[in-house]
Amino acid sequence: MLLHDTALVYGRYLRQSLRSRFALLFGVLTPLLYLLFFGPLLTGLPLGGRGTSWQVLVPGLLLQLGLLGALFAGFTVIVEKGQGVEERMRVTPVSRLALLLGRVLRDATVFVFQAVLLVLAALAMGLRAPAGGVLIGFAFVALLTLSLASLSYALGMKVASPQEFGPLINAVSMPSMLLSGLVLPMTLAPGWLDVLSHFVPFRYLVDAVRDAYVGRYTSAHMLWGVLVAVASAVGAVTVGTRVFRRAGA
Amino acid sequence: MAAVISAAGLARTFQTKAGPVEAVRCVDLTVREGEIVGLLGPNGAGKTTTLRMLTTLLRPTGGAATVAGHDLTADPAGVRRVIGYVAQSGGVDPHVTVREELVTQGRMYRLPKAEAVGRAGELARELDLAGLLDRRTGALSGGQRRRLDIAMALTHRPRVLFLDEPTTGLDPASRAGLWDLVRRLRDRHGTTVFLTTHYLDEADALADRLVVVDRGVVVADGTPGALKLEHTGSADATLQDTFLAITGRGPAPADGAPVAV
């Protein structure tokens, strides 16, 4: 039943995404602009890592895509609560967990699709990376989306209005982005900033994907990245499930 | 006839920053199979909260209820399978077509794909939506939207249909059409209908029995005729007068001198 319901909810929301092709492509715009207009600035700089500057930048942009996109996912729940769609679904026997999983899996699909577009553009700009590493990067985008979208939907269920939701998300997204070294690696940071950034979970994901992009699949960074990503996803889906189960009755 | 809804001491208190708010304090009611029952009451009396509890959207903080043999708190999933609910605001995505919404809804009630498609066509014919199946729901008129909302709640042929202010905002012809639809549902399929309304003509025309709530408790329960006789002394009284007599919230007393002319 959970599988049936999740597939049903996933289908409903995937069709919703496909209906707005513009929004589907729009999400990739910000990281694409970074790639086009910021990426070339780094090509000659010593970034303190292995590989080219593209192998440092692109992993960061992939996770930025997931971070910014998935954090705002919960916005749609607020809209659907307003339309009465959320309650109309909740009054059916459909699994509460499926109402969450169907949505976050749709988001994972959309952001991995956007990540593919971004990598294709990066290839044209000069990125060269092992295929295995690129695939691992997509897997991290998917895991990050599961975590953040689950939390975002949970928040969307809790708050009453978009006015409460937006500022909260902004308060989380900006520091996370800066402190995780998404744009430039934290190896460039002074000691205190590097230490601080280790308290931000995204830091471990970025380090892991950067290692993947230079073919280091068995490094300590990779191990930590996988652990943090999987643990976050499990934790976030658990929190989301609790909120979705409890909403209403 | 057997009771299809029975509630005893049903209550809901909301915890707010300003302290607890007792939206529903104690609702006792019994609805028999095939009855059309109207829930009346002033704004804020607890009608919608009562309805949201009976439809499993809100957990009661006190009391107990069974709907079609399923206990509200112990078996909410069982309740959901046998009821249909139309909220005040409806609940369809404006960008989705009528057909897609109806089919998805059927599948949420676990109908197999082919059956859900068939049922969507059947409901569209029955509720006069047949020509609109491929239209986006956002492009429907108010009356068409309302019929779609009801069709959505009927995909699984529920035994009990809950309607929250079903005709608010509809023109007179659409309202009359909706009343016919509700009666037809009961007459043809034996569906029990429990609805809230602010329109006393609607309650008078449609409901077999009225339950009046005020300040979170049931203050009157009976057929429209019996309530009129009991509370105004005349079976020919208007329901409006009866309602005001029950809730004690009439307009300024008629014998009082006007404050200003």
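Going down the list, the sequences are from chains A and B.
1 is the number of the first residue of the first sequence in our numbering; add one for each residue after it.
250 is the number of the first residue of the second sequence in our numbering; add one for each residue after it.
Ideal Cβ positions, reconstructed from N, Cα and C, are used throughout, including at glycine.
- Residue pairing by DSSP puts Ile332 of chain B in a beta bridge opposite B:Val409.
- Residue contact with chain B for Glu164 of chain A: absent (no Cβ-Cβ distance below 7 Å to any residue of chain B).
- When Cβ pairs closer than 8 Å are counted between the two stretches, the segment 239-249 of chain A is seen to touch the segment 142-159 of chain A, the count reaching three or more.
- Taking C-beta atoms as the reference points, Leu300 of chain B and Thr445 of chain B count as a pair closer than 7 Å.
- Closer than 7 Å to the CB of Gly74 of chain A there is not a single CB belonging to chain B.
- According to DSSP, residue pairing for Gly312 of chain B in a beta bridge does not occur.
- Secondary structure remark: continuous beta strand (DSSP E) runs of at least 3 residues inside the segment 399-471 of chain B, in chain order: 409-413, 441-445, 458-463, 466-471.
- For Pro162 of chain A, no beta strand (DSSP E) segment is defined; the enclosing uninterrupted segment is the alpha helix (DSSP H) at 162-179.
- The three-state reading of DSSP puts Arg128 of chain A in coil, since its state is none of H, G, I, E or B.
- Scanning chain B for C-beta atoms nearer than 7 Å to the C-beta of Arg19 of chain A yields His344, reported in chain order.
- Setting aside the 5 residues that flank it on each side, Ala129 of chain A is surrounded in the same chain by Gln55, Tyr213, each with a C-beta closer than 7 Å to its C-beta; the list follows chain order.
- Cβ atoms of Gly439 of chain B and Glu282 of chain B come within 8 Å of each other, at about 7 Å.
- A straight-line Cα-Cα distance of about 44 Å links Thr496 of chain B and Leu382 of chain B.
- For Phe22 of chain A, the enclosing alpha helix (DSSP H) begins and ends at 21-26.
- Apart from sequence neighbours up to five positions away, the residues of its chain that approach Ser232 of chain A with a beta-carbon distance below 7 Å are Ser147, Pro201, ordered along the chain.
- Counting along the chain, Glu375 of chain B sits inside no beta strand (DSSP E); it lies in the alpha helix (DSSP H) bounded by residues 362-375.
- Under a criterion of Cβ atoms nearer than 7 Å, the residues of chain B adjacent to Val94 of chain A are, in order, Met357.
- Excluding the 5 residues flanking it on each side, Arg348 of chain B has same chain C-beta neighbours closer than 7 Å at Ala369, Leu382, Asp383, in chain order.
- For Gly339 of chain B, a Cβ of chain A is located within less than 7 Å of the residue's own Cβ.
- DSSP places Glu271 of chain B in the uninterrupted beta strand (DSSP E) bounded by 268-281.
- As DSSP reads the structure, His480 of chain B sits in no beta bridge.
- In this structure Pro415 of chain B is buried. Its beta-carbon is surrounded by 16 or more other beta-carbon atoms within 10 angstroms.
- Below 8 Å, enough C-beta pairs join the segment 418-428 of chain B and the segment 389-404 of chain B to call them touching: three or more.
- Annotated three-state conformation of Ala323 of chain B is coil, per DSSP.
- If you compare the alpha carbons of B:Phe263, B:Asp324, B:Ala267, B:Thr279 with that of Val273 of chain B, the shortest gap goes to B:Phe263.
- In terms of Cβ geometry, Ala149 of chain A and Ala229 of chain A do not form a close pair [threshold 7 Å].
- With distances taken between CA atoms, Met357 of chain B lies nearest to A:Glu86 out of A:Val110, A:Leu123, A:Glu86.
- The alpha-carbon of Leu410 of chain B is positioned some 14 Å away from that of Leu427 of chain B.
- At a C-beta separation below 9 Å, Gln83 of chain A has these neighbours in chain B: Ser338, Gly339, Gly340, Val341, Asp342, Pro343.
- Taking all protein chains in view, the Cβ of Gly39 of chain A is crowded by 16 or more other Cβ atoms within 10 Å, so the residue is classified as buried.
- Residue contact with chain A for Arg330 of chain B: present (Cβ-Cβ distance below 7 Å to some residue of chain A).
- In the DSSP assignment, the residues bridged to Phe263 of chain B are B:Val270.
- Rounded to whole angstroms, the separation of the alpha carbons of Leu376 of chain B and Val461 of chain B is 30 Å.
- Leu3 of chain A has its alpha-carbon roughly 28 Å from the corresponding atom of Leu63 of chain A.
- A direct Cα-to-Cα measurement between Leu449 of chain B and Ser20 of chain A gives close to 44 Å.
- Sorting B:Asp463, B:Pro473, B:Lys477 by C-alpha distance to the C-alpha of Gly290 of chain B places B:Asp463 at the top.
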